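Going by the numbering used here, the sequence shown opens with residue 41, and the numbers climb by one from there. Structure first, then comments.
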Amino acid sequence: MDPPILEQLREQTRPAHVALEAQSLLKTLLSSRLTEREYGQLLQSMSAFYQALESELVPATTALLARHPDPDYRYLPRAPLLANDIRALGCGSPDVVHPPAALRLDGSDAYLLGVLYVIEGSTQGGRYIARHLTHTLGVSEDTGASFFNIHRWDNSWMAFRHWLGRDLARHYEDDITRMIEGANTTFSTLHTHLDQWQILTDEK
Ligand code: HEM
């Protein structure tokens, strides 16, 4: 059984997760008629989102880990993986095409942990998406789908859950509301970002 803090995060963000799964770029990603161009569009939009977020997220997580060291958890930057996937597919520049809907941290540890919960947890959906990408486009972790295959070689979801549930829970149990806010804002900002990206791309 998961520690209560993780159960609360999952429960309180379930509606945002369900809504994001129905976002049309993500629905297209799971279509049996997915094209390489559509997959490339999703990678570009994810790349813009993570590039903007990680310039703040990576140093903030390093600082949090310095205050609460953990033998196993470290944050794996996603932007370089997405850039590699875009290059492997030859589907355009990994540089930002449209400005992303930016997710800003609020300076609190609890909020940051909520953001990390969403990013680390998303590797679980990645398992399913990776299988689908192999079946539809024949891409694997070396040929354009490293981002969706993180779970194969990085166990940071497991490490994060232990870190949060075991060591950090007692520090932040009074801040759970802010943690949930960080998580829900991550879901909603990504959702808005994908919606805007799609509109701007369709207009081109
Ligand atoms: C179409 C896209 C997606 C599908 C089909 C999907 C599906 C899933 C599935 C099957 C799980 C595992 C549930 C379990 O094992 O209990 C999961 C977990 C999760 N997903 Fe997604 N997902 C998608 C997109 C995303 C995105 C874009 C994010 C956030 C960036 C996200 C965040 C999470 C989180 C945080 C969890 C962990 C929940 C927990 O166990 O606490 N997912 N997802």
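Just so you know, even glycine gets a beta-carbon here, dropped at the ideal spot from N, CA and C. Computed from a prediction, not measured in an experiment: that's the story for all the values here.
- request: Identify whether residue 120 lies in helix, strand or coil by the three-state DSSP scheme.
  value: helix
Could you have a look at residue 138 and say whether DSSP puts it in helix, strand or coil?
-> coil
(request) Could you tell me which of 181, 85, 224 and 50 sits nearest to residue 241, measuring between CA atoms? (result) 85
ask   = Regarding residue 206 and the ligand GDP, is the C-beta to nearest heavy atom distance less than 7 Å?
value = You won't find the ligand GDP in this model; what it holds is the ligand HEM.
task = Report, in whole angstroms, the separation of the C-beta atoms of residue 118 and residue 200, which I expect to be a contact under 8 Å.
result = Their Cβ separation, rounded to whole angstroms, is 14 Å, which puts residue 118 and residue 200 out of contact at 8 Å.
Notebook entry, point to check: By Cβ distance, which residues of its chain are closer than 8 Å to residue 152, with the 5 residues on each side in sequence left out?
Noted result: 97, 100, 101, 104, 145 and 222
Determine the direct distance from the alpha carbon of residue 111 to that of residue 179, and round the result to whole angstroms. 33 Å
Problem - Beta-carbon proximity list for residue 172, same chain, < 7 Å, skipping 5 on both sides - result: 70
* Asked: Given a threshold of 16 other Cβ atoms within 10 Å of its Cβ, counted over all protein chains shown, does residue 175 qualify as buried or as exposed?
  -> exposed
* Could you check the C-alpha separation between residue 149 and residue 54 for me, to the nearest Å? => 22 Å
*Since residue 237 is in the alpha helix (DSSP H), which residue starts that stretch and which ends it?*
216-243
Look at the Cβ atom of residue 236, then the Cβ atom of residue 123, and state whether they are nearer than 8 Å.
no
query: Taking 7 Å as the line, does the beta carbon of residue 227 fall inside it for any heavy atom of the ligand HEM?
result: yes
Quiz item: Where does residue 66 sit, in a helix, a strand or coil, going by DSSP?
Solution: helix
Notebook entry, point to check: Any heavy atom of the ligand HEM closer than 7 Å to the CB of residue 70?
Noted result: yes
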